[in-house]
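Enquirer: Protein chains in written order, with the working numbering: chain A, 2 to 259; chain B, 2 to 259; chain C, 2 to 259; chain D, 2 to 259; chain E, 2 to 259; chain F, 2 to 259.
The beta-carbon is built from N, C-alpha and C at its ideal position, and this holds for glycine as well.
#1: Measure the beta-carbon distance from residue 29 of chain F to residue 123 of chain D and round it to whole angstroms, keeping in mind my assumption that it falls under 8 Å.
#2: By the criterion of Cβ-Cβ separation under 8 Å, what are the contact partners of residue 112 of chain C in chain A?
#3: According to the neighbour-count rule (16 or more other Cβ atoms, all chains shown, within 10 Å of its Cβ), is residue 252 of chain F buried or exposed?
#4: If you measure beta-carbon to beta-carbon, which residues of the segment 119-135 of chain E are closer than 9 Å to chain I?
#5: Determine whether the beta carbon atoms of residue 60 of chain E and residue 27 of chain D lie at a separation below 8 Å.
#6: What number of angstroms, rounded off, separates the C-alpha of residue 77 of chain D from the C-alpha of residue 95 of chain D?
#7: Does the beta-carbon of residue 72 of chain F have 16 or more other beta-carbons within 10 angstroms, so that it is buried, or is it exposed?
#8: My understanding is that residue 108 of chain A touches residue 117 of chain A, with C-beta atoms under 8 Å, so please give their C-beta distance in whole angstroms.
#9: Name, in chain order, the residues that DSSP records as bridge partners for residue 72 of chain B.
#10: Does DSSP classify residue 239 of chain E as helix, strand or coil?
#11: Kindly indicate which three-state DSSP category residue 231 of chain A falls into: helix, strand or coil?
#12: With DSSP as the reference, label residue 152 of chain A as helix, strand or coil.
#13: Roughly how many angstroms separate the alpha carbons of residue 146 of chain E and residue 168 of chain E, rounded to a whole number?
#14: Buried or exposed: residue 221 of chain D, going by 16 or more other Cβ atoms within 10 Å of its Cβ?
#15: Considering Cα atoms alone, identify which of A:150, A:166 and A:106 is closest to residue 140 of chain A.
#16: According to DSSP, what are the bridge partners of residue 19 of chain D?
#17: How many angstroms separate the CA atom of residue 134 of chain B from the CA atom of residue 67 of chain B?
#18: Could you tell me if residue 197 of chain D is buried or exposed, where buried requires 16 or more neighbouring beta carbons within 10 angstroms of its beta carbon?
#19: Kindly list the residues whose CB is nearer than 8 Å to the CB of residue 105 of chain E, restricted to its own chain and excluding five residues on each side of it in sequence; keep chain order.
#20: How big is the Cα-Cα spacing for residue 203 of chain A and residue 209 of chain A?
#21: What first and last residue would you give for the alpha helix (DSSP H) that runs through residue 182 of chain C?
#22: Taking just the CA atoms, how far does residue 132 of chain A sit from residue 7 of chain F?
#23: From the DSSP output, read off the bridge partner residues of residue 211 of chain B.
#24: Would residue 315 of chain D pass as an interface residue toward chain B - the criterion being a Cβ-Cβ separation below 8 Å?
#25: Consider the Cβ of residue 220 of chain D: report whether some Cβ of chain C lies at a distance smaller than 8 Å.
#26: Checking 8 Å against the spacing of the C-beta atoms, do residue 214 of chain D and residue 178 of chain D come in under that value?
#27: May I ask you to verify whether the segment 83-91 of chain E touches the segment 152-162 of chain E, counting CB pairs closer than 8 Å and requiring at least 3?
#28: Report buried or exposed for residue 57 of chain B, applying the criterion of at least 16 other Cβ atoms within 10 angstroms of its Cβ.
#29: Comparing alpha-carbon positions, which option in A:190, A:10 and A:36 lies nearest residue 239 of chain A?
#30: In its own chain, which residues sit with a C-beta less than 8 Å from the C-beta of residue 38 of chain D, not counting the 5 before and 5 after it?
#31: So, is the C-beta of residue 224 of chain E closer than 8 Å to a C-beta in chain F?
#32: Could you work out which residue in F:91, F:225 and F:247 is closest to residue 15 of chain F when comparing CA atoms only?
#33: Between which two residues does the alpha helix (DSSP H) carrying residue 62 of chain B extend?
#34: Is residue 87 of chain E helix, strand or coil by DSSP?
#35: If we cut at 8 Å on Cβ distances, does residue 28 of chain E have a partner in chain F?
#36: How is residue 49 of chain C classed by DSSP in three states: helix, strand or coil?
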């Protein structure tokens, strides 16, 4: 089976940088796949990406060696199993609130007897190659998100869930969870302290830790702190930022019709 | 009928800045539409955009006041008429080589007796509103591209074609036409001279002139030269440039798995 | 943030008329959006509309001022959050059976601390504009449906659910719930009495009340009764009724091949 | 091979009534197919229908016995052959201006030696059944449109084109061709006279004649006049007319928010 | 209402052979529908088929008399109801573990008072025809899968669930459930014994029994054993097997570039 | 630039075996790409494949090393250029009738000064990699089809067209051209002689020759004869043949409901 290079790196504690996909399109996914990210995550939760798009985007990503991940909309076994069958090499599961929910996410990623994943890796075995059935339980990454009040309260029991490969932090939801406004790249001391707390709890138990950022600066900060996987930004975000900056620059001193 | 704000500006000789769409997707088109460009052009020639995508992208653009243009794949009346029926307020027609071809493009944009456009503005009248049938001949922009050896040879007869609203320059094809490599934002003196020649011929006959660029710097240069419509860049280009730059910045001094 | 004009009207007790979308298509949605309905509801429960269609239909509706609502297939937080992120200004949630289910629907519509909605209004903020994060909890309509035996039994506890904005009645399911055949525009006294009972319970607690109809006659009846939002009919229904009537008229006295 | 029931009727001079499809959607096409029209025409010229939609709509129509026709965007052999391969039982070809163009349309519909149609009836043979290869040249209807000044001038030579099965009149384009505004259901004496002229020329040479209408009244008028195939109206038109009428009726005397 | 011919056969204990659809495409579905299978099952669990594809595939299947079934991704009422509304004549529900889950599946297939199915058979009534509302509860097949350790433990209580029409066996998941590798067409005595045990339990209570195979040989074996519905193979599987075999044959003794 | 392995083999006179794609679907294309064919050809002429499908299928093919070709619907520069921009490494152009048409096909495949291809290899450069602009003229295969009476008459002038890389034979159209029925794998002496004549003319001038078959037997025959590229069969054909054969085998001696 084709190795999960991202998961391999995380297990060795090595840093990786990922890209986030919010545009439901094969071409933009293929472009992002060629840029040199260690992994890409197609966001089915908040992104404008549904299962119909995903079926086109996973092959587009598979034209390169980038590791394909999917954030599912919910901690729902049916969806987790479907995206794994379609060839995702890992899932990011939002809003894990306690041990039981973490176990449910893990279970959906593992074939019996380790879990309850149903067998039928229709495109996954095409992408993964020979040995998928035997090795998938060890190669498919199961990442939970801690981003709710309840998740923070149950931090310890979640990060010690057997079979869980890592924790991903969504800074905006985390901010809401601790009573702050849902902004990105958050410097608020309470936010920083909460991120640190999750980071330390994970590392204490050998879990990989990841986080979303909106800039190279925050990506570097977290990588320097020791995070295993940091999201640099989103397809749509990159597009909007560059287009806006260039438009501002081009228009300064000129009067166009808008 | 809703006025064609971009064409109005061009007729008055005012500068405008446009964005280019290469990703066949409603969401990325809607994002681009909200950035403040004067017009957007969905590129059906070289972009990954077909008629199926266009039907989703034109409504997405129509959520704002940006003027929607389409570059058709070819000087083909059937396609020109179809994109106008779908609500494009103008077409950019590639590889116009002579007066006869310019007339053919114009004719496809005008209802009889001025042209041969067939009547059925199915979505165009929805977008354009009352009066479309009567006013469309004056509000729909017909832009030809001069970018071949033959087109340059016949420059004068093309730019004096009755009913043609403007000329758009594709710098890469133009470079090939004069024996240069097909690079963008071209500083080669032969390229600059050819662009200037087209520009002057157009302005001498009151035609609007536009050109494609890959940077704010070249956009400003052409606007300062007096171009009416300049393309700042492409959805996918903005995305790739910003993502690459940020990734380089984030990764410097760090060793990740790629 | 762009105000939710429909919700505003309901809060003031003013009557509104809506259209229902069952065809998964951007063009038919845009046509319906131009007809002057106060709001449109894309039906993901019984309509032939999935999330892939919705992504095309919401921009098409957003070309006008019509308020975009979505009936989700189920009281499922993942789906509710996804359609709100895509820009729906309200959800109609089927088969709410008790207070706990009503609370679950409300919670999915509200950011913490009022609910559990996850943050990422990717297209919603584009459509809603500045202030979405801060105001969405007050501007997004959460409508529950009472249409089951159990829902009727728990009517009082449902209509007093904090944060619920209104109740929508599905006459066919309601008929089944009380032992009648699932017909539309139902004059059966038992049906009328049940509708009245729901209506009064809602109004007693200041909830907006809506109902589905299949005719202008029943729409008027309910509006005169004091309903806040009444569905006049469905895209496909309008099409089928007019085509059938015209075909009957055209064919009478003529013998064609069918 | 499954007989072409519409063409059979036309050859016998019997009247038929058809429906027009402008919405690119399988469900609306299937609904229209169940209403009892003799034939349906998917309009790829002015309708919001591309080849991607057509592939979904033809099977949807094939769930009933309605004869499936397609109006192609242009007199283009590639497109004509593609829609026939996909299972259309006839094409309506716009803007036939002279004998040579009529011959080109016919040729694209017939296998050698009668024409130049390329062999590969991939879905057509599935729909048509055994014998398609041998019988298609006689069962596939080739209909030209006369709707331009030039077409009127060459009326005689067009209607005597060997192999042409009928002529379809587009009243709006015809109006433009004779200097009138492009309205539907046209009572202008000049328009009526032109329609009559085409009708008589066709019938004199045994060609079936068809025309587009926007009402049962005009459909009956033309059927009574002796037309073989008359279009009653369009999917989107039926929808818009009924929705508008009902909305007007429901809203009279009521004040809603719009 | 159009009778459910497959279910009718099962009720009479007659054998049927079905095909499985894993490619999300109308054309391949229509091809499979023409081959003479008694029923086809579109697999939304492990197949590359989502709800967007299903809407195109069901009409394509409805061009023939083949009975259309759908395997849903999960025992989820929302999905079950949606595929029934779209015209499936039966659902295969994976991973039924106990009586309560079996009842939930049945309930989603039946209108009140027998179940909780919500009323709105939008395409189903089009396909099923007159009488759908009254007869659907008896004509729609509800099939559960027994394929987990827990399901085997609760075999008796599952197969005696009122309203359940049959049991479908997924050999690969069943293998995992009893500690074997997830291979198809399994001859392992433990596997054979388990299949036999399920078969006998079902037949003892009059339930139809079905099973998935990957070959004509195993299909015959199970039909001879008395199974009511056996899957012969999958669209993609047929394609891959024949292409591989032919390629091997063509290439033997030849040296081509791969 | 990634080398065109198929074209390289043809230039060296080595035999290759290809697969044909008629199903417009990324998953079936990816399956076919993994089977070991030397090249795959997506058939936009007779296949149920449009440009919207192609955009999903080319990335799916690009997950392997198989060389991606496209048969365009027509000798049309716009379409040829579009499929090359999308990443096809060669085009098969139907119905080339004479030198001038052959030159037109070649010209559409070559950037100036060798041809008139417009520059914008948007996905092609992504797939082809560095050097695409400089090397594409030598790496992109331009294959014409000789399959009409006229093409046979002008055989010599076609096969000596500068820049043409090969000739592909469509046996069915060829049969029609010489007065035979359009069957595949044709043993008729007149057909065999015509194929031989084309083969010899091509090889005499160093052109690669290819042909379509429907079986391993005919594939071997042509490879043994010295053809450079032979199509073994079609995705849909493989599926239908295997499913039919297995169904026949499974059903013999059994009586099922059909």
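Expert: Taking the definition as stated:
#1: That belief does not hold up - the Cβ atoms of residue 29 of chain F and residue 123 of chain D are roughly 15 Å apart, past 8 Å.
#2: 177 and 183
#3: buried
#4: Looking at the structure shown, chain I is missing, and the protein chains on hand are A, B, C, D, E and F.
#5: yes
#6: 10 Å
#7: buried
#8: 5 Å
#9: B:44 and B:93
#10: helix
#11: strand
#12: helix
#13: 5 Å
#14: buried
#15: A:166
#16: D:40 and D:232
#17: 21 Å
#18: exposed
#19: 76 and 78
#20: 7 Å
#21: Counting along the chain, residue 182 of chain C falls outside any alpha helix (DSSP H), and DSSP gives it neither H nor E.
#22: 30 Å
#23: B:169 and B:230
#24: Nothing about residue 315 of chain D can be read from this structure; chain D reaches only from 2 to 259.
#25: yes
#26: no
#27: no
#28: buried
#29: A:36
#30: 18, 19, 20, 67 and 233
#31: yes
#32: F:225
#33: 52-62
#34: coil
#35: yes
#36: strand
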